[in-house]
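A short write-up of the structure that comes next.
Residue numbers (the numbering used here): 676 to 887.
Structure representation (structure tokens):
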């Protein structure tokens, strides 16, 4: 069993922390180029990280409303996974289960989904595949520490889009618009007791859980 000094408590991380840091690194490396790109609204890597961070921060505020309204829910943001720089935007644990939330902020875009096909303005993105992998990886890591099988649902949270058309849901990944996220989470059938929520949250907040 890990002792306190062996791990970092992830409960104090803020929503959007990881992409915000990435944007700051890129901005510091090329401040003038970044300023010019912003002025002319050029799509850059720095812009992508910055918009992503803003999206995660907005979802983080929603999740604060969730935990404030029902203290059984626990949430951790910007969870670092492995050693290659990957992270999970948000992990939510509550009476309705365990969820990895992947925020996708696409201002004024047209989103179209059919099974594993996720299109943004006509361009395919691997969001469903990535969300599925993220949830399975989280289940494996949490289960390894808990000592029992753990079920995790991957959720893609779409925000900023002009329209979202879902022709067919993926079998194991949920697509939820930001404004529907809290009603959707609250509507999930309750099956996880408070003792289980506390136990899994205690595991999830340890940095060492996510690097096994």
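Glycine included, C-beta positions come from ideal geometry on N, C-alpha and C.
Keep in mind the model is a prediction, meaning the values are calculated, not measured.
Can you list, in chain order, the residues of its chain with a C-beta nearer than 6 Å to that of residue 753? Leave out the 5 residues immediately preceding and following it. 688, 692, 693, 762
Between the CA atoms of residue 719 and residue 775 - distance to the nearest angstrom: 27 Å
Once the 5 residues before and after residue 728 are set aside, which same chain residues still bring their CB inside 7 Å of it? 691, 694, 695, 698
Nearest to residue 863 by CA position, among 686, 767, 739, 815, is which residue? 767
Could you tell me the boundaries of the beta strand (DSSP E) in which residue 797 lies? That residue, residue 797, is in no beta strand (DSSP E); it is neither H nor E in DSSP.
Mind checking which residues open and close the alpha helix (DSSP H) that includes residue 877? 869–879
8 Å Cβ cutoff met for residue 780 and residue 730: yes
From 800, 759, 764, 682, residue whose alpha carbon lies closest to that of residue 750: 764
Backbone secondary structure at residue 862 - three-state DSSP: coil
Across which residues does DSSP place residue 776 in a beta bridge pair? 765, 830
Of the residues 757, 758, 801, the one placed nearest residue 845, counting alpha carbons only: 801
Would you decide whether residue 819 is buried or exposed? Buried here means 16 or more other CB atoms lie within 10 Å of its CB. exposed
For residue 852, the residue or residues it bridges with in DSSP: 833
Per the contact definition of three or more C-beta pairs closer than 8 Å, is the segment 739–749 in contact with the segment 855–869? yes
Given this structure, state the Cα-to-Cα distance separating residue 868 from residue 703, to the nearest angstrom. 46 Å
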